[in-house]
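Enquirer: For the protein sequence lines, the chains are A and B, in the order given.
For the first sequence, the numbering used here assigns the number 648 to the initial residue and increments by one for each residue that follows.
For the second sequence, the numbering used here assigns the number 648 to the initial residue and increments by one for each residue that follows.
Heads up, the beta-carbon is just placed ideally off N, CA and C, and yes, glycines get one too.
2 protein chains.
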Amino acid sequence: MKALEEKIREEGKVLPGNILKVGNFLNHRLDVQFLCEMGKEIARLYEGCGINKILTIETSGIAIAMGAAIHMGVPVVFAKKNKSKNVSGEVYCTDVVSFTHKNVSQVIVEKQFLSEKDRVLLVDDFLANGMALKGLIGICREAGVDIAGAAIAIEKGFQAGGDEIRAMGIRVESLAIVESMTDDSITFREQ
Amino acid sequence: MKALEEKIREEGKVLPGNILKVGNFLNHRLDVQFLCEMGKEIARLYEGCGINKILTIETSGIAIAMGAAIHMGVPVVFAKKNKSKNVSGEVYCTDVVSFTHKNVSQVIVEKQFLSEKDRVLLVDDFLANGMALKGLIGICREAGVDIAGAAIAIEKGFQAGGDEIRAMGIRVESLAIVESMTDDSITFREQ
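1) Would you check if the distance between the CB atom of residue 704/A and the CB atom of residue 797/A is smaller than 7 Å?
2) How many whole angstroms separate the CB atoms of residue 648/A and residue 822/A, which I take to be in contact at a CB cut-off of 8 Å?
3) So what does residue 796/A bridge to, in DSSP terms?
4) I believe residue 710/A touches residue 682/A by the beta-carbon criterion, under 8 Å. Please report the beta-carbon distance rounded to the nearest angstrom.
5) By the criterion of Cβ-Cβ separation under 8 Å, what are the contact partners of residue 724/B in chain A?
6) Below 7 Å between beta carbons is the criterion; list the residues of the region 773-789 of chain B that meet it against any residue of chain A, in chain order.
7) At a CB-CB cut-off below 8 Å, which residues of chain B make contact with residue 685/A?
8) Any chance the region 791-809 of chain A sits against the region 763-770 of chain A, with 3 or more Cβ pairs inside 8 Å?
9) The beta strand (DSSP E) with residue 726/A in it runs from where to where?
10) Could you tell me whether any Cβ in chain A is nearer than 7 Å to the Cβ of residue 802/B?
11) Kindly list the residues whose CB is nearer than 6 Å to the CB of residue 836/A, restricted to its own chain and excluding five residues on each side of it in sequence; keep chain order.
12) Run through DSSP, which three-state label would residue 749/B get?
13) Please list the terminal residues of the continuous alpha helix (DSSP H) segment that includes residue 789/B.
14) Quick one: using the 10 Å Cβ neighbour count with 16 as the cut-off for buried, is residue 829/A buried or exposed?
15) At which residues does the beta strand (DSSP E) containing residue 820/B begin and terminate?
16) Taking just the CA atoms, how far does residue 728/A sit from residue 756/B?
17) Compile a chain-ordered list of the residues in the region 690-720 of chain A whose CB is closer than 7 Å to at least one CB of chain B.
18) Tell me whether the beta-carbon of residue 724/A lies closer than 7 Å to the beta-carbon of residue 702/A.
19) Flag this pair as touching only if the region 775-789 of chain B and the region 691-698 of chain B have three or more C-beta atom pairs under 8 Å; answer yes or no.
20) Helix, strand or coil: how does DSSP classify residue 683/A here?
21) As a quick exercise: from 696/A, 808/A and 800/A, pick the residue whose alpha carbon is nearest that of residue 672/A.
22) Residue 708/B: which of 807/B, 838/B and 685/B sits nearest, CA to CA?
23) Given that a residue counts as buried once 16 or more other Cβ atoms are within 10 Å of its Cβ, and exposed if not, what is residue 832/A?
24) Which chain A residues are close to residue 764/B, counting only those with a beta carbon under 7 Å from its beta carbon?
25) In whole angstroms, what separates the C-alpha of residue 750/A from that of residue 722/B?
26) Which residues mark the beginning and the end of the beta strand (DSSP E) in which residue 662/B is found?
27) Could you compute how far the alpha carbon of residue 655/B sits from the alpha carbon of residue 771/A?
28) In chain A, which residues lie less than 8 Å from residue 727/B when you measure between Cβ atoms?
29) Roughly how many whole angstroms lie between the Cα atoms of residue 664/A and residue 773/A?
30) Any idea if residue 719/A is buried or exposed, counting beta-carbon neighbours within 10 angstroms, 16 or more meaning buried?
31) Run through DSSP, which three-state label would residue 802/A get?
32) From which residue to which residue does the beta strand (DSSP E) around residue 810/A run?
33) Between which two residues does the alpha helix (DSSP H) carrying residue 717/A extend?
34) Report the rounded CA-to-CA distance for residue 669/B versus residue 739/A, giving the unit in angstroms.
Below you can see the structure in the form of structure tokens.
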């Protein structure tokens, strides 16, 4: 998605530790109109795939998942990182290591929100080492849910997550794939 | 908002500890179409108020803030609960005690995302003891930001937060105000 590549070039900042900061539109300040445009592109990519639900993970996946869900006419379920007092009943649970935060979170989805009849699209803001996405895939398999594929805003193509998940036979569509980045320049993979 | 009251009656569950669970549409599974309807009502309530930005707090405020932002044509900034590796630069910071989670979070907003020229609408899913909203108000005051008011999906009218914040001279619009609730019934305040 050329508009996203341009936006990353214009507004993104490369921080030490291979972190691409896009807080200006994707995960701190939300450019809602642009998130809806990204969502429209996700809906186009997965048109006719029989998706009835989007599964994402808090926090930064929620906004892009909403953008896609609006265009797809489906609900969103977001996996929660900390079991809270307002989660009751049986849950699917998995551990996720965060690249950004350098910690392990227990990620849960209440069983009532996933069904064997579901065909879900996984959505997240970033795909780097793929830990969050693998966590969601694990939850889907535990739930017996059919996975139509994954839609990612920004994939870091120089980290292994995307290749590993495609090698699992799962379709992964990333709106922008960063091939390499330095303080001064960001190169995208041709798609 | 009658449609929200009906939805809470139909899909909400009262859990021990005065917790109203609405995970089926508001904060675990997201009924995106309904969130957009709630957002439309928020936009109507604050029409002509000169709002140029919505400020909310992760996690559960993001979806309803998106719903409102779509109808208001403004961006969303969400306060983050844990300072993460992709937050850089100067931040506004406050402590928030969570009613649901029974813990204290340090909540931050990067200074670059709030300006003295802003006129913001505060948005959140719940208003109970008002700790989250007071945290956002504190950040706005530190930033010199003008507060147009607050828009809440569900206020627990039997807890003190709403009254306290209105007593501070801040306009608070709650789409549904729960006056009392038991295992069997939920009563709403007439608005």
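Expert: Let's see:
1) no
2) 4 Å
3) 768/A
4) 5 Å
5) 675, 676 and 677
6) none
7) Result: empty, since nearest Cβ-Cβ is about 13 Å, beyond 8 Å.
8) yes
9) 723-726
10) no
11) 804, 824 and 826
12) coil
13) 778-790
14) exposed
15) 819-828
16) 21 Å
17) 705, 706, 709, 710, 713, 716 and 717
18) yes
19) no
20) helix
21) 800/A
22) 685/B
23) exposed
24) Those do not exist, as residue 764/B stays about 15 Å from chain A at its closest Cβ, beyond 7 Å.
25) 30 Å
26) 660-662
27) 29 Å
28) 675 and 706
29) 15 Å
30) buried
31) strand
32) Here residue 810/A belongs to no beta strand (DSSP E); instead the alpha helix (DSSP H) covers 808-814.
33) 708-719
34) 19 Å
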